[in-house]
Structures are given as structure tokens and as C-alpha cells.
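Mapped onto the working numbering, the consecutive letters of the sequence shown carry residue numbers 2 to 93.
What follows is a short report on a single structure.
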Amino acid sequence: MAMSLVAGFMVDRVGLKTCVFLFLSFCMLGSALFGLSFTLTSLSPDARYILMFVGRFIFGLGGYVEILFIYIIYLILIYLVYIRVVCTDSVF
């Protein structure tokens, strides 16, 4: 819930494409760290657990569901406005 408010504020201030790129970059980096923690067998189990935790935390900062929800609503809004303008102009 809180991430949706932050994401909405950032979309209004910075722009949609920049925010989607930023948040998805966080998700990608977090996923990479989480996956890397399984393959680094040279680290101790405690260090691997900490790396997993950090990866999941960074993934959570991306707010994957929230930012994509805002992006989908934005695309639906653009689509509906386009359909309304095109349909009403072409009928009359």
C-alpha cells in the first residue's frame, strides 16, 4: 500500500517511463543478487543468507506489482481516451 503511494507520487513528478525503468531495474538487480546467492558456494551459509535477504529487499524496493499496476491503469486510460476520440469522431 505504501509503495503504491510512493510510486504514484514519483510517476507524477518524474514521469512514467523513467519510473518503470527505475523500479524494474531494482527488481532485476534484486533478482540477480538472490539468484547469485545460490551459486556462490564459496561463501559461508550466513553470508549467502544475508545476500539473499539483501536481494529480496532490493527486489521489494522495486515494488514490482505496484508500479506495473499503475502502468497498466495508465495504458488503459490512454487506450480508452483514444477509442473514445476515434470512435466519436469517425461516427459523426
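We treat Cβ as the ideally placed atom computed from N, Cα and C, and that holds for glycine.
Since we're looking at a predicted model, the values are computed, not measured.
Cut-off 6 Å between Cβ atoms - residues of its own chain near residue i, not counting five sequence neighbours on either side
i: Leu62; result: Phe27
i: Leu30; result: Ile59
i: Arg49; result: Ser38
Given residue i as reference, the closest of the options once Cα atoms are compared
i: Gly9; options: Tyr80, Tyr72 and Leu81; result: Tyr72
i: Phe60; options: Val12, Leu34, Arg14 and Leu69; result: Leu34
i: Val55; options: Ser43, Ser45, Thr42 and Ser32; result: Ser32
Burial state of residue i (16 or more Cβ within 10 Å)
i: Gly64; result: buried
i: Gly16; result: exposed
i: Phe22; result: exposed
i: Val7; result: exposed
Spatial neighbours of residue i in its chain, beta-carbon cut-off 7 Å, leaving aside the 5 residues before and after
i: Met53; result: Phe35 and Ser38
Check: residue i C-beta below 7 Å from any heavy atom of the ligand FAD
i: Cys20; result: As for the ligand FAD, it is missing from this structure, which has no ligand bound.
Report yes or no: do the stretch 72-82 and the stretch 31-40 share at least 3 C-beta pairs separated by less than 8 Å? Segments in contact, no.
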